[in-house]
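This note's numbering numbers the first residue of the sequence shown as 90 and each following residue consecutively. Okay, so here's the structure we're looking at.
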Amino acid sequence: MGILIVVIMQKLHWCTIQKRVNDLVPQEINPRSISDKQLSDLTKSLKKFNLVEIPAVDFDGRILAGHQRIKALKLLGRGEEIIDIRVPNRKLTKKESDQYLIGSNKLGGDWDFDLLKGFELETLELSGFDKIELSNLFDKEPDLKETDFDEQAELKKIKTPKTKTGDLILLGKSKLICEDSNNPKVLKRLFGKEKTSLILSDPIYNLQINYNKGIGGKRDFGGNVEDNRTEEEYIDFLRKNIKTALTVTNEDCHVFYFNTEEQIWILQTLYREFGIRNRRVCLWIKNGSNETPSVAFSKCYEPAIYGTLNKPYLSSNEYGLNQIMNSDIGNGNESLDSINLWTSKRVSGKQMNHATQKPVDLYHKAIRRCSKIGDIILDSFGGSGSTLIACTELKRRAYVIEKEPIFCDLIIRRYEALTGEKAVIIHSNEER
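Spelled out as structure tokens, the structure:
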């Protein structure tokens with residue numbers, strides 16, 4: 090007759106003792122990995138806060154939780170240091186050890202992303218979140234959203250613009266300069282040593298109109314730009330603008346220029362001239378059409394000619410056309426960012442405060458797809474400021490050039506109404 094031996098395991102209890110860092114033994118198999126960036130962030134945190142969360146170690150000295158903290162301490166030259174650790178009252182079984190090893194990393198709960206948005210970006214970055222993670226967080230639902238700003242009423246209030254030609258305006262982390270965007274010295278002053286990886290510009294279209302009077306010639310927007318050049322002069326104008334913009338770009342860069350369908354070829358030709366690879370023509374599909382009785386088909390889109398320099402960053406949020414068509418889509422749906430048909434309601438004629446004003450959410454598409462939080466976006470033709478507002482909503486930095494003082498005033502008012510922050514104006518004679 091055999092003898093049945095029953096082993097009764099002691100209930101686990103934990104206590105805090107002290108051990109030398111170099112005496113703690115890593116597990117042979119640890120499912121938790123760490124990138125160089127994360128390890129760097131962890132070492133910075135240890136330098137600033139020291140060891141707040143103490144490691145858990147098995148009865149025999151093998152690490153259960155805190156592998157990366159121990160690794161970081163050794164990198165900091167603190168291997169001989171005595172630290173607090175948590176140890177059990179008995180050695181864990183293999184099953185218990187494996188379960189704790191995985192569970193301590195997996196069962197910590199999920200983030201409340203709405204609450205995370207309440208922290209400063211700098212704090213989140215210093216806490217280990219990278220810019221791609223933060224972009225995925227804030228791009229889905231911006232915590233700032235322009236709603237009831239009455240641009241037309243604000244524009245009428247501007248009798249004499251406060252902005253003067255040459256002024257540099259600081260709008261939070263964005264900048265606006267009242268100057269000519271074809272002047273390389275202006276770009277140098279605006280950027281300093283910084284660079285952009287996304288050009289998002291909406292130049293004048295050479296429509297042979299007075300922009301002050303608008304497309305129909307019956308408005309009074311307040312500007313003085315007359316868009317009346319020969320084709321050769323207009324091509325040279327765009328050539329100078331692109332050449333100047335490229336002086337402040339990174340090696341890897343996205344390039345978008347809006348224009349009319351008749352002039353797509355001009356920008357595509359200029360892109361090739363400057364080594365910009367033509368990628369797509371993105372079509373802004375408007376909620377209406379411009380009917381021309383003498384032409385068979387009415388115009389209902391406006392193109393943005395898109396190209397790239399080398400291999401710039403792209404958001405990983407990509408969707409196939411079948412997935413998009415089977416979804417409940419609307420103007421602001423992020424799934425539409427990955428195709429070259431951009432749906433966005435145009436600004437109504439009564440609400441327009443610039444002859445070619447575009448809706449803010451139209452700019453969201455290129456910004457979300459082609460940049461990360463904190464990136465600089467160059468807009469060489471600020472207009473009413475929609476690019477800057479879109480960048481502010483999505484926590485990017487807009488570096489904007491606008492030649493007309495009255496529209497600079499309007500951009501400032503839009504920004505202040507959205508954020509509650511005051512602009513800081515630096516006059517050209519105040520810089521040192």
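No residue lacks a Cβ here, since even glycine has one placed at the ideal position from N, Cα and C.
Phe345 lies in the beta strand (DSSP E); which residues open and close that run? Its beta strand (DSSP E) spans residues 338-347.
Considering only the beta carbon of each residue, do Lys262 and Arg458 sit closer than 7 Å? No.
Beta-carbon proximity list for Pro273, same chain, < 7 Å, skipping 5 on both sides: If we look at Pro273 and ignore the five residues flanking it on each side, its Cβ neighbours are Thr333, Thr336.
Taking the alpha-carbon of Gly281 as reference, which of Arg167, Asp187, Thr338 has the nearest alpha-carbon? When each option's Cα is compared against that of Gly281, the closest is Thr338.
Contacting residues, own chain, Cβ-Cβ under 8 Å from Gly409 (five flanking each side not counted): In this prediction, Gly409 has a pLDDT of 48, which is less than 50 and means its spatial position is unreliable; what the coordinates show is noted afterwards. Cβ-Cβ distances below 8 Å link Gly409 to nothing in the same chain once the five nearest sequence neighbours on each side are left out.
From the DSSP output, in three-state form, read off Ile501 for me. Helix, per DSSP.
Nearest-angstrom Cα distance between Thr234 and Leu451? First, the amino acid is wrong: residue 234 is Lys here, not Thr. Near 14 Å, if we compare the C-alpha coordinates of Leu451 and Lys234.
If you run the structure through DSSP and keep just helix, strand and coil, what is Pro392? In the structure shown, Pro392 sits in a strand (DSSP, three-state: E or B).
Kindly list the residues whose CB is nearer than 6 Å to the CB of His453, restricted to its own chain and excluding five residues on each side of it in sequence; keep chain order. The beta carbon of His453 is closer than 6 Å to those of Ala479 in its chain, skipping five residues each way along the sequence.
So what does DSSP say about Cys480, is it helix, strand or coil? In this structure, DSSP gives Cys480 a helical state, which the three-state scheme calls helix.
For Ile123, which residues from the same chain have a beta carbon less than 6 Å from its beta carbon, with the 5 sequence-adjacent residues on both sides left out? Answer for Ile123: Gln157, listed in chain order.
Residue closest to Lys206, alpha-carbon to alpha-carbon, out of Ile293, Pro231, Lys183, Lys511: Comparing Cα positions, the closest option is Pro231.
On the criterion of 16 or more Cβ atoms from any shown chain inside 10 Å, does Asp125 qualify as buried, or is it exposed? Exposed: under 16 other Cβ atoms inside 10 Å.
Smallest Cα separation from Gly155: which of Arg167, Ile174, Gly166? The residue among Arg167, Ile174, Gly166 with its C-alpha nearest the C-alpha of Gly155 is Ile174.
What separation, rounded to the nearest whole angstrom, lies between the Cα atoms of Gly255 and Ile514? Between the alpha carbons of Gly255 and Ile514 lies a distance of about 10 Å.
Pick helix, strand or coil for Leu162, following the three-state DSSP scheme. The answer is helix: DSSP assigns Leu162 an H, G or I state.
State the DSSP-derived secondary structure class of Asn367, mapped to helix, strand or coil. Here Asn367 carries a strand assignment [DSSP, helix/strand/coil].
In chain order, what are the residue ranges of uninterrupted alpha helix (DSSP H) at least 4 long that sit wholly in the segment 121-165? If one requires a minimum length of 4 residues, the alpha helix (DSSP H) runs lying completely within the segment 121-165 are 125-138, 156-164, in chain order.
Distance between Asn295 and Ile266 (C-alpha atoms, nearest Å): When rounded, the separation of the alpha-carbon atoms in Ile266 and Asn295 is 23 Å.
Assign Leu165 to one of two classes, buried (16 or more other C-beta atoms within 10 Å of its C-beta) or exposed (fewer than that). Classification for Leu165: exposed.
Buried or exposed (CB count within 10 angstroms, at least 16 for buried), Asp112: Exposed, since its Cβ has fewer than 16 Cβ neighbours within 10 Å.
For the pair the segment 210-221 and the segment 178-186, tell me if three or more CB-CB distances fall below 8 Å. Under the 8 Å Cβ criterion, the segment 210-221 does not count as touching the segment 178-186, having fewer than three qualifying pairs.
What does the alpha-carbon distance come out to for the pair Asp498 and Leu260? Straight through space, the alpha carbons of Leu260 and Asp498 are spaced by roughly 12 Å.
So if DSSP puts Pro177 in a beta bridge, which residue, or which two residues, is it bridged to? Under the DSSP definition of a beta bridge, Pro177 partners with Trp103.
I think Ser224 touches Ile462, with their Cβ atoms under 8 Å apart; what is that distance to the nearest whole Å? At roughly 5 Å, the Cβ-Cβ gap stays under 8 Å, so Ser224 and Ile462 are in contact.
So, at 7 Å on beta carbons, what are the nonlocal neighbours of Asp149 in its own chain, with the 5 sequence-adjacent residues on each side left out? Hits under 7 Å: Lys180.
What whole-angstrom Cβ distance do Glu493 and Ile500 have, given they're in contact under 8 Å? Rounded to whole angstroms, the Cβ separation of Glu493 and Ile500 is 10 Å, and the two are not in contact under 8 Å.
By the 10 Å Cβ neighbour count, where 16 or more other Cβ atoms means buried, how is Gln352 classified, buried or exposed? Buried, because 16 or more other Cβ atoms sit within 10 Å of the Cβ of Gln352.
For Asn271, does the three-state DSSP call read helix, strand or coil? It is coil, neither helix nor strand.
Secondary structure of Val384, DSSP reduced to three states: For Val384, the secondary structure class from DSSP, reduced to helix, strand or coil, is coil.
Sequence-distant residues of its chain with Cβ nearer than 6 Å to Ile293 (five each side left out): Annotation for Ile293: Asp316 place their beta carbon closer than 6 Å to its own, counting only its chain and skipping 5 residues before and after.
If I follow the unbroken beta strand (DSSP E) through Leu335, where does it start and stop? Element bounds for Leu335: n/a, residue is neither H nor E.
Span of the beta strand (DSSP E) around Thr285: Where Thr285 is concerned, the enclosing beta strand (DSSP E) stretches over 285-290.
Endpoints, the beta strand (DSSP E) within which Val449 is located: Counting along the chain, Val449 sits inside no beta strand (DSSP E); it lies in the alpha helix (DSSP H) bounded by residues 449-459.
If you follow the beta strand (DSSP E) that Ser263 is part of, which residue opens it and which one closes it? For Ser263, the enclosing beta strand (DSSP E) begins and ends at 263-266.
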